[in-house]
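Numbering-wise, the sequence shown is residues 0 to 426 according to numbering that gives the first Met the number 0. Just so you know, even glycine gets a beta-carbon here, dropped at the ideal spot from N, CA and C. Each remark here refers to the structure printed beneath this line.
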Amino acid sequence: MNLRLTTSKNVPKTFNWTNKNVILSSFFIGYVPLQISAGFLVRQFNVKVLAATSLGISSFLGLLTPVIATHVGSKGVIAIRVLQGTTQGFVFPLVQHLLAYWVPPTERAFLGGAVYAARPMATVLAMIIPGYLAASSFGWPWIFYTSNIMALVWCLSFLIFSYERPSTHPNLSKREQIYIEKSIGNKNKKRVTYTPFREILTSPPFWALTAAAFGYVWGFWTLQSQMPMYLKYVMKFDIKSSGAIAALPYLMQFLAGYVFSFISDYLLGKNVWSIGTARKTMNLIGCLGPALALVLLQSGGPEHAVKAIVLLTIAIATSGACFCGYTINHIDLSPNHSSVLVGISNGLAQSCGFLAPLFVQGVVTNEEDPSQWKIVFYTAAAINVVAGVIFAIFGSGQVQSWDNIVSKNKIRTQENVEDVSNQELIT
């Protein structure tokens with residue numbers, strides 16, 4: 000497949016690369032393996048430095064992409080993407096770590112949902128702006144220069160303005176600090192060094208959460224990476240029109256994420272829902288809504304374009320309910336180990352990032368054949384339904400018994416020492 004790009008005279012306008020889906024998937028070769036270790040490293044190192052360093056390196060690699068693409072080729076771009084995946088593997092554990100320290104349980108859906116809802120807004124910008132940059136006199140390299148310069152500015156801002164815990168923020172009032180820390184309660188103030196692996200890996204609520212993550216991520220990457228191609232080849236939209244229309248569902252997901260999060264926290268605050276009910280209900284909406292829309296998606300040609308756009312918008316927008324479903328459930332289950340939980344579950348789920356595009360590549364041999372795309376959408380719908388049901392049955396909103404910061408052996412040792420001391424006092 001040709002990647003046709005309008006650019007300056009210094010770089011090619013066309014890359015005759017046939018490994019498009021390999022390039023899309025290569026990011027996750029570096030991203031997925033790092034997830035588990037990232038969950039531990041986040042707890043042990045300075046969050047500000049870790050975030051700025053990892054994303055700073057990723058941004059620098061992004062700035063090199065046009066040069067590598069022009070002079071090395073697709074293999075060089077694949078290498079860049081693998082390295083970027085490795086450096087960005089810290090992002091979700093970092094986010095979960097900060098949310099666990101800063102967000103009270105009754106505000107977790109709205110504030111946590113707001114953080115995760117920023118991702119579809121980034122997708123909106125990424126689908127609209129690059130088309131105009133590529134068509135401008137600056138050329139396609141400025142897609143990479145603009146986005147990665149902005150990322151470097153963010154890294155500097157994060158270093159200056161962020162604080163890991165309420166107790167370290169110089170401008171936070173004592174009243175606010177006490178409110179946050181008292182609300183969170185069981186989030187330990189010390190660095191956590193012990194992880195109850197056996198308990199985590201045998202916990203049904205944790206695996207239910209992981210199943211929900213897998214379902215969401217499969218649908219997310221299937222639609223994000225393939226929807227523009229579907230619109231172009233099946234619905235016959237030109238590239239510029241396709242970019243704007245493809246961005247619409249993610250704009251609606253961004254807005255829907257806020258609405259769902261507000262409703263969830265409102266009903267939770269009124270004691271209408273428990274935390275478990277809130278997470279399960281929203282997650283079901285986020286799974287069943289997209290599944291229904293994808294099943295109803297018309298398999299015809301461009302004459303069904305409006306219906307296709309509406310259904311794709313519904314599919315992606317309703318998935319925004321997951322932002323206050325499984326996405327923040329790691330903190331519900333274990334505030335002390337939330338970064339590790341998200342590292343494991345997200346690492347497993349993000350394997351969809353390379354499995355889904357490769358699945359599409361195997362199924363869609365003729366990009367203009369609607370029936371082949373139907374298989375892709377039906378598969379995504381089925382995975383969503385199964386994931387939603389598993390989380391509804393086995394998920395939980397309660398802090399788990401293994402949310403401790405020292406091993407059971409150490410606890411027993413401390414108890415024995417206390418017993419001996421008490422006996423000595425008695426005698």
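Can residue i and residue j be called in contact, C-beta distance under 8 Å?
| i | j | result |
| --- | --- | --- |
| F26 | Q83 | yes |
| G346 | Q34 | yes |
| A379 | F213 | no |
| L208 | S344 | yes |
| L287 | L310 | no |
| I284 | A320 | yes |
| H303 | D402 | no |
| K47 | S161 | yes |
| F137 | K279 | no |
| V123 | F322 | no |
| I179 | P248 | no |
| T86 | L54 | yes |
| L132 | T145 | yes |
| W217 | A121 | no |
| S338 | G29 | no |
| E198 | L97 | no |
| P65 | F143 | yes |
| Y100 | P203 | no |
| V31 | S370 | no |
| P334 | I183 | yes |
| V388 | I374 | no |
Out of the options, state which residue places its alpha-carbon closest to the alpha-carbon of residue i.
| i | options | result |
| --- | --- | --- |
| A427 | S24, F89, N270, A37 | This structure gives no information on residue 427, because the portion of the chain shown stretches from 0 to 426. |
| F205 | V152, L98, F393, W141 | F393 |
| L63 | A50, S202, T52, R80 | R80 |
| P227 | G130, F14, S73 | G130 |
| I341 | V94, C323, S350, I22 | A small correction: the amino acid at residue 341 is Val; Ile does not occupy that position in the sequence shown. When each option's Cα is compared against that of V341, the closest is V94. |
| G111 | S400, I327, F390, H96 | I327 |
| S263 | W372, Q252, T276 | T276 |
| M281 | G75, G72, A108 | A108 |
| S224 | I389, V388, G352 | G352 |
| Q230 | K47, D368, I382 | The question names Gln, but residue 230 is Leu in the sequence shown. Among K47, D368, I382, the Cα nearest to that of L230 belongs to D368. |
| A68 | W220, V359, N15 | N15 |
| S260 | L54, V41, G55, E106 | E106 |
| A243 | F44, I127, F376 | I127 |
| F89 | L254, N147, S57, V152 | S57 |
| F219 | A290, K306, A51, P165 | A290 |
| T317 | Y144, A292, Y377 | A292 |
| D331 | V305, Q399, I28, L354 | Q399 |
| N383 | G396, Y215, N45, V362 | Y215 |
| Y115 | L155, Y325, V271, V66 | Y325 |
| Y377 | P301, L97, M120, T221 | T221 |
| I315 | T194, P92, R118, W372 | R118 |
| V359 | S350, W372, Q349, A348 | W372 |
| S395 | A307, V233, A211, W217 | A211 |
| A307 | V233, I374, Q397 | V233 |
| L151 | W217, A51, W272 | A51 |
| K74 | H96, S182, L97, I22 | I22 |
| L60 | V76, N45, H70 | V76 |
| K19 | Y100, G72, L49, Y193 | G72 |
| A246 | Y193, A381, T312, I199 | T312 |
| H329 | Q397, V305, L357, L267 | Q397 |
| E366 | V305, K235, K269, L266 | K235 |
| A294 | A381, P195, T201 | This sequence places Val at residue 294; Ala is not what is there. Nearest of A381, P195, T201 to V294, Cα basis: A381. |
| T167 | N45, L357, Y265, W153 | N45 |
| A113 | W139, R42, V258 | V258 |
| S36 | A125, V271, F196 | F196 |
Hey, is residue i close to the ligand SAH, as in C-beta under 7 Å from one of its heavy atoms?
| i | result |
| --- | --- |
| L132 | As for the ligand SAH, it is missing from this structure, which has no ligand bound. |
Write down every uninterrupted run of the beta strand (DSSP E) in the stretch 107-135 whose length is 3 residues or greater and which is fully enclosed by it, in chain order. none
Output the residue ranges of the alpha helix (DSSP H) runs that lie fully inside the stretch 46-92 and measure 4 residues or longer, sorted by chain position. 46-70, 73-86
Every unbroken alpha helix (DSSP H) inside the stretch 302-381 [4 residues or more]: 304-317, 328-332, 337-348, 351-362
Ignoring anything shorter than 4 residues or poking outside the stretch 163-249, list the alpha helix (DSSP H) runs there in chain order. 173-183, 196-200, 203-232
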